[in-house]
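All remarks here apply to the structure that follows.
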Amino acid sequence: MIVRPSVRVPVPPAVSLLTARQFPAVVQRAVGEGAEAARLYAACRGPQYAEARQRLEARIAAANRVLAAHNPGLIIGWVDLPNATRRSSR
């Protein structure tokens, strides 16, 4: 049985770009939309940005629905947000 590696292996940008070109157009748009929303979400800090963060969370959720329908491994999670700390459920 083949299993996924337990550690993340770095992928060269050229390989990543070639792989991304094989996705359907709707998935490519969702990847771009989700990445942009995640970048903006990480930049919105402070209580004055609460409403903006909610709108960005909705954009990320919409992108994740499209990505999960194509491949659940593509969804955007807390690990993918630059400079964001994971919310604890405690």
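Quick note: to get the numbering used here, add 1 to the position in the sequence shown (first position is 1).
Beta carbons: idealized from backbone N, C-alpha and C, even for Gly.
Beta-carbon proximity of residue i to residue j, cut-off 7 angstroms
i, j, result
"L82", "L57", "no"
"A31", "V67", "yes"
"A69", "I76", "yes"
Element boundaries [alpha helix (DSSP H), containing residue i]
i, result
"Y42", "A26 to A44"
"S7", "Note, S7: premise wrong, no alpha helix (DSSP H); not H, not E."
"Q55", "A51 to H71"
"V16", "P14 to A21"
Proximity winner among the options, relative to residue i (alpha-carbon distances)
i, options, result
"F24", "G78, H71 and N65", "H71"
"A39", "A59, V4 and G74", "A59"
"P73", "A43, Y50, V28 and P48", "V28"
Distance between beta carbons of residue j and residue i, contact taken as under 8 angstroms
i, j, result
"E34", "A64", "5 angstroms"
"C45", "A53", "5 angstroms"
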